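Residue numbers (our numbering), protein chains in the order written: chain A, 1 to 524; chain B, 525 to 841.
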């Protein structure tokens with residue numbers, strides 16, 4: 001534990017530049033969206049306190065906005081606002097809106113009717129009543145709303161890294177993908193500290209007496225704007241093309257680090273979630289992305305893979321990995337899972353992915369049709385045996401594989417099946433397996449080697465290019481280290497790849513990563 | 525001064541005030557008396573346009589108030605609420621200065637006038653920097669009164685001004701209020717459901733029921749000449765104690781024994797029977813002097829005897 005803590009400090013010290021920038025970005029995102037949320041929410045709250053008939057529908061609408069899952073909301077924003085700051089700020093604004101509107105409304109409505117009547121009876125105009133009576137008296141409640149909104153925003157702003165808006169989410173989600181606890185903590189701890197600090201500061205404001213509050217109310221918007229301004233600090237753009245890489249890709253030897261050291265590639269890079277990356281490339285927000293070679297969106301968005309002419313991307317052959325204890329518990333399991341052995345090659349997988357991602361067929365249907373075509377499908381025996389727990393990561397191909405395994409187990413054995421699909425990333429999925437929360441999930445040889453085992457860099461580079469050597473190495477090491485067995489590979493190789501729009505690739509004459517580097521060097 | 529002509533007001537189909545008319549003379553205090561829901565508060569609030577009448581017209585000094593800007597109208601009329609309605613975020617001084625500020629007074633004038641009014645209301649200046657919630661209910665109500673009186677408006681509207689106070693505080697504030705020189709010149713309309721309060725403070729009482737006026741008249745007229753059963757029943761249980769309050773020594777003058785001595789500071793004959801009785805709890809006899817300069821000497825049993833003779837004569841009239 002002690003050792004771990006030390007290395008967390010080391011990590012944070014090493015990455016202090018990045019950490020500082022991300023924290024500023026995070027603050028900036030939080031406050032600039034908060035500023036606009038107050039700008040919209042406060043007048044709306046006042047309006048519905050005046051016209052109470054509107055209050056039900058306005059509050060209900062803001063409530064519905066609040067319930068949209070954040071990542072979905074960010075996704076909706078891309079076609080409208082592209083990627084980066086704009087959609088992130090709008091999404092955060094939407095989340096901050098409800099507490100501000102509701103508290104403004106509650107604060108004003110809750111004022112003693114006698115006080116309002118006295119104000120009116122003494123001859124104050126509606127405007128004077130609002131600014132001298134209603135707003136000052138409602139201020140503690142309104143500030144409580146702003147406080148809630150701030151804390152919500154600090155939390156949701158971590159998701160902004162999904163659409164390349166920066167913030168501490170870059171570390172958090174990078175860390176989850178890379179199985180790097182220090183990286184997760186380096187993002188999560190500052191985010192938590194920010195939330196706690198801001199909450200405490202605003203609590204302080206809320207409890208100030210009314211005299212001091214007046215002064216604070218003048219200063220507060222200025223502070224919010226200044227903090228919001230952090231986000232708008234100009235960023236240096238180093239190249240004519242823009243790359244969008246996933247947080248995972250950013251931290252990997254067989255990713256951005258390799259591109260830099262082996263190819264010497266220097267490209268303006270933003271960090272983005274793979275959920276929206278392909279679409280952003282299609283919408284011309286990005287020029288180069290780090291995709292997966294079997295991804296269905298490759299086909300859907302008419303992207304092409306740049307040739308990895310120096311071979312930095314190792315093979316990623318997929319195979320189920322199973323707890324040895326589970327193999328004992330379910331004697332028929334290995335045989336059943338291996339029915340898929342060698343059945344799916346790269347183009348089949350891309351096609352299956354295309355069906356779910358772009359044609360929006362359910363993974364269940366796609367899995368069933370494929371198994372039927374392979375004459376592997378049998379209707380479920382509805383056995384009453386013990387339950388096999390299948391895991392999967394949170395992308396399409398894993399869902400399809402999980403469905404296929406489920407059908408195979410139900411059709412060929414007496415076991416029951418529970419699926420735990422959509423586990424966040426490699427780390428979450430693997431931890432679930434090690435901790436006996438699931439019995440198996442499909443993993444990739446490259447990931448097993450570089451992310452989970454992490455042997456020293458030279459050794460990894462030596463064996464990573466050979467498909468069989470990698471497979472044998474991870475198979476031996478997993479049994480020894482974790483008591484987990486690699487079954488035989490399914491057949492396809494889902495490796496990392498750099499991708500561009502087909503049209504742009506043709507226009508620029510860029511077909512390989514070396515071409516890309518040369519183009520960038522010539523067009524500074 | 526104030527002339528109300530056939531005003532009506534309904535709330536969602538429920539007629540709260542039905543075509544009522546009355547006049548308030550300059551310097552007069554008119555008390556709207558009735559049970560809750562009789563429309564008295566609605567009537568009061570129509571005078572400073574807190575509520576707009578559905579029909580009818582109200583004139584103040586001959587001018588239709590519907591033609592004036594409501595804010596301007598309200599600034600010229602003092603208003604006291606039952607629950608004082610002080611601004612909790614303003615100090616006492618700031619609360620009192622609200623209307624002067626709206627009227628654009630300079631600070632010095634406001635401060636001088638605030639000091640003056642505080643003195644009259646027996647409020648210490650140390651309260652000025654305090655917030656209302658640090659004061660007792662009685663003090664808050666005094667501040668509310670100060671706030672209404674600070675600009676010396678010629679008209680004062682009061683909605684159950686003593687209604688939220690406990691009995692002891694209420695009686696003492698009412699007494700102070702009655703003695704206030706400041707109020708003698710003012711035209712006052714006050715709402716209450718407390719019969720004794722009405723009889724103590726009113727020049728005339730306007731008895732209301734179900735949105736209509738039952739009777740308007742002096743306390744004596746209401747007590748001795750009720751127009752119908754409702755008016756009679758309304759006062760029934762309190763008749764004797766009200767009579768003590770309404771009848772003055774002047775009314776009994778002829779039935780009282782004359783005095784041998786002539787003390788210069790003898791009690792004036794305008795005192796009510798009730799107040800005289802209270803004084804007789806402390807001393808055996810009191811000397812009284814009337815306006816035409818004759819003197820009487822009163823003891824408790826002589827007073828009650830005179831009162832009963834007076835009542836008998838009234839009944840026979």
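No residue lacks a Cβ here, since even glycine has one placed at the ideal position from N, Cα and C. Keep in mind it's a predicted model, so treat the numbers as computed, not measured.
Identify the contact partners of residue i in chain A, using a Cβ-Cβ distance below 7 Å as the criterion.
{"i": "residue 611 of chain B", "result": "115, 133"}
{"i": "residue 622 of chain B", "result": "122"}
{"i": "residue 607 of chain B", "result": "114"}
Starting from residue i, find everything on chain A with Cβ-Cβ shorter than 8 Å and list it in chain order.
{"i": "residue 599 of chain B", "result": "122, 123"}
{"i": "residue 810 of chain B", "result": "Near residue 810 of chain B there are no residues of chain A at all, since even the closest Cβ is about 44 Å away, more than 8 Å."}
{"i": "residue 603 of chain B", "result": "118, 121, 122"}
{"i": "residue 574 of chain B", "result": "117, 120, 121"}
Once the 5 residues before and after residue i are set aside, which same chain residues still bring their CB inside 6 Å of it?
{"i": "residue 519 of chain A", "result": "508, 510"}
{"i": "residue 8 of chain A", "result": "182, 185"}
{"i": "residue 265 of chain A", "result": "259, 517"}
{"i": "residue 824 of chain B", "result": "804"}
{"i": "residue 83 of chain A", "result": "163, 164, 280, 285"}
Please report the residue range of the alpha helix (DSSP H) in which residue i lies.
{"i": "residue 301 of chain A", "result": "First-last for residue 301 of chain A: undefined, no H or E at that position."}
{"i": "residue 352 of chain A", "result": "346-357"}
{"i": "residue 682 of chain B", "result": "Note, residue 682 of chain B: premise wrong, no alpha helix (DSSP H); beta strand (DSSP E) at 679-683."}
{"i": "residue 720 of chain B", "result": "719-725"}
{"i": "residue 662 of chain B", "result": "661-673"}
So what's residue i in DSSP terms, helix, strand or just coil?
{"i": "residue 237 of chain A", "result": "The predicted model places residue 237 of chain A with a pLDDT of 44, which falls under 50 and marks its position as unreliable, so this point remains unresolved."}
{"i": "residue 12 of chain A", "result": "helix"}
{"i": "residue 504 of chain A", "result": "helix"}
{"i": "residue 798 of chain B", "result": "helix"}
{"i": "residue 438 of chain A", "result": "coil"}
{"i": "residue 4 of chain A", "result": "The predicted position of residue 4 of chain A is uncertain, since its pLDDT is 47 and thus under 50; no value can be drawn from it."}
{"i": "residue 392 of chain A", "result": "strand"}
{"i": "residue 515 of chain A", "result": "helix"}
{"i": "residue 654 of chain B", "result": "coil"}
{"i": "residue 136 of chain A", "result": "helix"}
{"i": "residue 581 of chain B", "result": "strand"}
{"i": "residue 319 of chain A", "result": "strand"}
{"i": "residue 629 of chain B", "result": "coil"}
{"i": "residue 701 of chain B", "result": "helix"}
{"i": "residue 538 of chain B", "result": "strand"}
{"i": "residue 562 of chain B", "result": "coil"}
{"i": "residue 751 of chain B", "result": "coil"}
So which residues on chain D does residue i lean against when the C-beta distance must stay under 8 Å?
{"i": "residue 595 of chain B", "result": "Within the model displayed, chain D is absent; protein chains A and B are what it includes."}
Whose C-beta lies closer than 8 Å to the C-beta of residue i among residues of the same chain, with five residues either side of it excluded?
{"i": "residue 371 of chain A", "result": "377, 404, 407, 408"}
{"i": "residue 708 of chain B", "result": "551"}
Below 8 Å between beta carbons: does that hold for residue i and residue j?
{"i": "residue 141 of chain A", "j": "residue 169 of chain A", "result": "no"}
{"i": "residue 554 of chain B", "j": "residue 726 of chain B", "result": "yes"}
{"i": "residue 100 of chain A", "j": "residue 32 of chain A", "result": "no"}
{"i": "residue 290 of chain A", "j": "residue 249 of chain A", "result": "yes"}
{"i": "residue 194 of chain A", "j": "residue 26 of chain A", "result": "yes"}
{"i": "residue 732 of chain B", "j": "residue 558 of chain B", "result": "yes"}
{"i": "residue 340 of chain A", "j": "residue 400 of chain A", "result": "no"}
{"i": "residue 192 of chain A", "j": "residue 88 of chain A", "result": "no"}
{"i": "residue 152 of chain A", "j": "residue 96 of chain A", "result": "yes"}
{"i": "residue 527 of chain B", "j": "residue 542 of chain B", "result": "no"}
{"i": "residue 494 of chain A", "j": "residue 318 of chain A", "result": "yes"}
I'd like the list of long-range same chain contacts for residue i, defined as Cβ closer than 7 Å, with 5 residues on each side in sequence excluded.
{"i": "residue 838 of chain B", "result": "748"}
{"i": "residue 662 of chain B", "result": "689, 693, 697"}
{"i": "residue 615 of chain B", "result": "652, 653, 654, 655"}
{"i": "residue 505 of chain A", "result": "304, 511"}
{"i": "residue 367 of chain A", "result": "400, 403, 404, 407"}
{"i": "residue 622 of chain B", "result": "671"}
Using a Cβ cut-off of 9 Å, pull out every chain B residue sitting near residue i, in sequence order please.
{"i": "residue 137 of chain A", "result": "611, 612, 613"}
Which residues bound the beta strand (DSSP E) around residue i?
{"i": "residue 291 of chain A", "result": "288-292"}
{"i": "residue 417 of chain A", "result": "416-423"}
{"i": "residue 819 of chain B", "result": "819-823"}
{"i": "residue 372 of chain A", "result": "It is not in any beta strand (DSSP E) - residue 372 of chain A instead sits in the alpha helix (DSSP H) that spans 363-373."}
{"i": "residue 736 of chain B", "result": "736-741"}
{"i": "residue 485 of chain A", "result": "484-486"}
Below 8 Å on C-beta distance, what does residue i contact in chain B?
{"i": "residue 49 of chain A", "result": "Residues of chain B passing the Cβ test: none, with the nearest at roughly 18 Å."}
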